[in-house]
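Protein chains in written order, with our numbering: chain U, 1 to 191; chain P, 192 to 382.
Ideal Cβ placement from N, Cα and C applies to all residues, glycine included.
These numbers come from a predicted model, not from an experiment.
Only one structure is covered here, and it is reproduced in the block below.
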DNA sequence: TTGGCCATTTGATTTATGTCACAAAATCAT
DNA sequence: ATGATTTTGTGACATAAATCAAATGGCCAA
């Protein structure tokens, strides 16, 4: 059954209600759209500078890049997570391709339309900087829990911290995310 | 020869002059101090929540944490670089200790005094978010150039991108930063 | 200047993980 | 459903890098 587009956007803004007043929402709304895309659709492509960021309402996505001809997955995202290219946000070409792992429902944010609003509305500015700040903490964590850790340690950490990854993402993708070969991941799982 | 404190602060604000007006500088000034500390001084300590961030005017610093009883270095910083704990900024205890590698001159920023200014002055808000945004890009780069790369690749990348690290930081520290043993680094250098 | 303490190098050996090859299982399209 | 294609698992072997051990070199303090 189809959910009304306006409902989805309302639900999203409701989540941020303590932070975003009607004024801010009014400014954002023309720059936000509800979209549906099938599995394998590419939201952002390598070397491209996209003007959009997305919120995953329903579905899953991965980000990957090519290294020596093989795909290296850099992250996976699920419901209620923001997906996009930080480099794109800074007007640099994306190094990664962002691809849907499932048929998905998304909110698209027109970055070129929203950025200028940051100067005139402090709530929007805070909202965006909060998203980037949280991503920054995530990256620090990822480095901390990866650096100088063995394959088994990285595997068990991921299993503990993001169990849904193992339920919704093929092991081949998870292996390169963990920085190990498919075979090693298979053997780790076999205990 | 001693340089006057006011001169150092002026020079710093001058760097940001196109972004910070007199109003913003006036608000910041009471929260900024010029400090001198000797080599080995610890600016921020593990598990502590410091209320300060620093700009390295002259000198060098490293950030490290303990893992299985050994020090793992997470970054090195030199002149004109901001040093601090992102986790502290987000009111979380630091996982790392930030220690000076040389006798240094710094600007200290009182974060608790400055944060409230972000709500009333958009330039200060933009300034801070720019610093965090750049750190975020740095972390992405670090992951990208580290993940699934061999010891030799990580070594040559560091040598190419930050040659001064090898001039001012002991090899023991560089080894753990690269995620390799001291012996391996020595052998890589011997070619 | 000298001794002592780190930092760095070099050598021998071990170990974790990658690679290659193939088998089994699961998923997909017809 | 049925075969075909993709994903996952298992075994044998290769190799990068760790570990252990010890020698050499550099630097600081008395």
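Cβ-Cβ distances below 8 Å link residue 199 of chain P to 225, 248, 296 and 298 in the same chain, with the five nearest sequence neighbours on each side left out; the list follows chain order.
Listed along chain U are 86, 87 and 139, each with a C-beta nearer than 8 Å to that of residue 331 of chain P.
Contact of residue 47 of chain U with chain P is not assigned, every C-beta pair being separated by 8 Å or more.
Measuring C-alpha to C-alpha distances from residue 183 of chain U to each of U/111, U/125, U/151 and U/64 identifies U/151 as the nearest.
Flagged as an interface residue toward chain U: residue 370 of chain P, by a C-beta distance shorter than 8 Å. Residue 353 of chain P and residue 17 of chain U have their C-alpha atoms roughly 44 Å apart. At a cut-off of 8 Å between C-beta atoms, residue 72 of chain U counts as an interface residue with respect to chain P. Straight-line measurement puts the Cα of residue 322 of chain P at about 25 Å from the Cα of residue 357 of chain P.
For residue 334 of chain P, the residues of chain U that pass the 9 Å Cβ criterion are 74, 139, 142, 143 and 146, in the order they occur in the chain. Secondary structure at residue 372 of chain P: coil, using DSSP grouped into helix, strand and coil. Bounds of any alpha helix (DSSP H) do not take in residue 257 of chain P; it lies within the beta strand (DSSP E) bounded by 252-258.
Look at residue 244 of chain P here: in three-state DSSP terms it is strand. In the assembly as shown, residue 147 of chain U is a buried residue. Its beta-carbon has 16 or more other beta-carbons within 10 Å. In terms of beta-carbon proximity, residue 114 of chain U stays away from the interface with chain P, with every pair separated by 8 Å or more. The three-state reading of DSSP puts residue 288 of chain P in strand, counting E and B together. One finds nothing in chain U with a Cβ atom closer than 8 Å to the Cβ of residue 345 of chain P; even the nearest lies about 11 Å away.
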